[in-house]
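Numbering (numbering that gives the first Met the number 0), first residue to last: 0 to 479.
Beta carbons: idealized from backbone N, C-alpha and C, even for Gly.
Bear in mind that the values here come from a model prediction, so they are computed numbers and not experimental data.
What follows is a short report on a single structure.
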Amino acid sequence: MRSHLLNDTTAEQYRRSVTEGVERVAAKLATTDRPFTGVTVDALSPRIDGIDLDEPLHDTAAVLDELEDVYLRDAVYFHHPRYLAHLNCPVVIPAVLGEAVLSAVNSSLDTWDQSAGGTLIERKLIDWTCARIGLGPAADGVFTSGGTQSNLQALLLAREEAKAEDFASLRIFASEVSHFSVKKSAKLLGLGPDAVVSVPVDRDKRMQTVALARELERCTKDGLIPMAVVATGGTTDFGSIDPLPEIAGLCEQYGVWMHVDAAYGCGLLASLKYRDRITGIERADSVTVDYHKSFFQPVSSSAVLVRDAATLRHATYHAEYLNPRRMVQERIPNQVDKSLQTTRRFDALKLWMTLRVMGADGIGELFDEVCDLAAEGWRLLAADPRFDVVVQPSLSTLVFRYIPADVTDPAGIDRANLYARKALFASGDAVVAGTKVAGRHYLKFTLLNPETTTADIAAVLDLIAGHAEQYLGDSLDRAS
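Structure below.
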């Protein structure tokens, strides 16, 4: 079994095995003609359940054949231009190369003596991102597993900076369409059930600053402590960007920690055309970015950034076997001093490879393309009487619903839209997402693929309308 260990004696076997796997994936990507096969849980489960993990195949080719049957054939392929559902982007080749390198070398980014240059590369990328945001010379941060962890760590720092004797008195303010991880983080941080105050949004799904000011004033009058305001730089459902400069002013007025969840909108940091849409982010105390959303990186690649590096001490613990206190005096850089994680992948390498091959402008051009595409998609929807579109996009998301000409029952319209999404997924012709707006069911395009065209959008809209009309027609037949 030692023959399977990656080392100096097995380098050629490693080369052959990885090449064989890459060739399989490349062939699959080259021949995939739709984002999904439409396979069902009931159809796929028996194939996987029937595999005896205690009986290995002892052959890479045979395992890849099996993998084709249980995974590759039926995977949801985000690179396909008609995958329009969630915040999943197609990935750039330099980042995939970085993934292959980091997996093979397998550095752990918790301590210097496990990563060496990896530590310095991650720190360089953190500095680069802080500079792009404009956080100032004292800024710092660390890579994380994703936006949920980044938001959790940012709110942990905010909780500690609030210096409250009673956590039950702490309040977090976030818009009613902010990410669910804000409420989840509050629970994990031991805050009370009323800790998160939901602030209303305007017609463009942006936090109403008048309402925020009112809630902050009420909080202080009630003897409670405003712990943090979470402004969103690109909501998951709408891509809406809260009015960051106005929120920053209120945070300064009330002495509140300002966190910007820019997991989605961080692509604007590289944008050549739309950078001004996220103006005000530079005034934040902490920022979440997800490179695996809008920098076209493989999962996972995320970071939390802070204006004042000293605040990261709230996540610091020392262990003699890992990062004893003496290392601080010896100026040995250990990233575990800043992170909620201990063992941690060298995910920063993917972004490093991307920037060194493509440059930030290359990333920005791709993100600008999907923002432009969303604007064109909005014009299509606004001009199509079959659909109701919610807001004009700030990023690359479109939320809409099919509205039949001769049906006025809102519940019936809901069922038609739900059916259309389900039928489309089952067909495999396209994948779209869904959400609720004012209690009603809507559909959602999250456009993160520059290869998607307006023709793709128009074709998928026709498919949606066709499925919805079929459902309504069948319903009328059943009723009669």
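Distance, residue j Cα to residue i Cα
{"i": "P236", "j": "T445", "result": "As written in the sequence, residue 236 is Asp, which differs from the Pro given in the question. Approximately 9 Å, taken between the alpha carbons."}
{"i": "D7", "j": "D336", "result": "33 Å"}
{"i": "A74", "j": "V298", "result": "15 Å"}
{"i": "E121", "j": "P192", "result": "37 Å"}
{"i": "L380", "j": "E368", "result": "18 Å"}
{"i": "C370", "j": "A185", "result": "32 Å"}
{"i": "C88", "j": "L43", "result": "25 Å"}
{"i": "M257", "j": "A115", "result": "33 Å"}
{"i": "P55", "j": "V62", "result": "9 Å"}
{"i": "N105", "j": "T118", "result": "13 Å"}
{"i": "P323", "j": "V91", "result": "39 Å"}
{"i": "S285", "j": "G248", "result": "15 Å"}
{"i": "A167", "j": "H79", "result": "47 Å"}
{"i": "L4", "j": "G135", "result": "45 Å"}
{"i": "P93", "j": "R23", "result": "19 Å"}
{"i": "S239", "j": "S174", "result": "11 Å"}
{"i": "T36", "j": "A425", "result": "8 Å"}
{"i": "K182", "j": "T30", "result": "42 Å"}
{"i": "L471", "j": "Q152", "result": "47 Å"}
{"i": "A99", "j": "G465", "result": "43 Å"}
{"i": "E159", "j": "I224", "result": "12 Å"}
{"i": "I277", "j": "A374", "result": "17 Å"}
{"i": "G438", "j": "T18", "result": "50 Å"}
{"i": "L243", "j": "D221", "result": "26 Å"}
{"i": "R312", "j": "A161", "result": "14 Å"}
{"i": "Y401", "j": "T219", "result": "45 Å"}
{"i": "F295", "j": "I362", "result": "8 Å"}
{"i": "Q252", "j": "K27", "result": "56 Å"}
{"i": "S180", "j": "L372", "result": "28 Å"}
Pair within 7 Å by beta-carbon distance, residue i and residue j
{"i": "M352", "j": "G145", "result": "no"}
{"i": "F399", "j": "L354", "result": "no"}
{"i": "M206", "j": "D260", "result": "no"}
{"i": "V229", "j": "S177", "result": "yes"}
{"i": "V21", "j": "I47", "result": "no"}
{"i": "L394", "j": "G279", "result": "no"}
{"i": "A84", "j": "V459", "result": "no"}
{"i": "T287", "j": "A262", "result": "yes"}
{"i": "S270", "j": "S149", "result": "no"}
{"i": "V195", "j": "I171", "result": "yes"}
{"i": "L348", "j": "L101", "result": "yes"}
{"i": "I463", "j": "G376", "result": "no"}
{"i": "A157", "j": "A212", "result": "no"}
{"i": "T342", "j": "D109", "result": "yes"}
{"i": "D346", "j": "F77", "result": "no"}
{"i": "L190", "j": "L169", "result": "yes"}
{"i": "A432", "j": "R306", "result": "no"}
{"i": "G266", "j": "F366", "result": "yes"}
{"i": "L86", "j": "L350", "result": "no"}
Assigned secondary structure, residue i (DSSP; H/G/I helix, E/B strand, else coil)
{"i": "A404", "result": "coil"}
{"i": "S479", "result": "For S479, the predicted model reports a pLDDT of 49, less than 50, meaning its position is unreliable and no value from the coordinates is stated."}
{"i": "V69", "result": "helix"}
{"i": "R344", "result": "coil"}
{"i": "F294", "result": "coil"}
{"i": "Y82", "result": "strand"}
{"i": "R324", "result": "coil"}
{"i": "M352", "result": "helix"}
{"i": "V229", "result": "strand"}
{"i": "S102", "result": "helix"}
{"i": "I50", "result": "coil"}
{"i": "R202", "result": "coil"}
{"i": "Y13", "result": "helix"}
{"i": "D360", "result": "helix"}
{"i": "H3", "result": "helix"}
{"i": "D473", "result": "helix"}
{"i": "A173", "result": "strand"}
{"i": "R33", "result": "coil"}
{"i": "F179", "result": "coil"}
{"i": "I331", "result": "coil"}
{"i": "G140", "result": "strand"}
{"i": "V305", "result": "strand"}
Whole-Å CB distance - residue i paired with residue j, under 8 Å assumed
{"i": "L304", "j": "G140", "result": "4 Å"}
{"i": "V390", "j": "D112", "result": "Wrong, their Cβ atoms sit about 50 Å apart, outside the cutoff."}
{"i": "P34", "j": "Y82", "result": "4 Å"}
{"i": "E281", "j": "I132", "result": "6 Å"}
{"i": "A467", "j": "P403", "result": "7 Å"}
is_contact[residue i, chain C] using C-beta, thresh 7 Å
{"i": "D336", "result": "The chain inventory of the structure shown lacks chain C, comprising one protein chain alone."}
Heavy atom of the ligand ADP within 6 Å of residue i beta-carbon
{"i": "A404", "result": "This structure lacks the ligand ADP, and indeed carries no ligand of any kind."}
Quiz item: Do the stretch 407–424 and the stretch 446–453 touch if we need at least three Cβ pairs shorter than 8 Å?
Solution: no
For the stretch 407–414 against the stretch 13–27, are there 3 or more C-beta pairs whose distance is under 8 Å?
no
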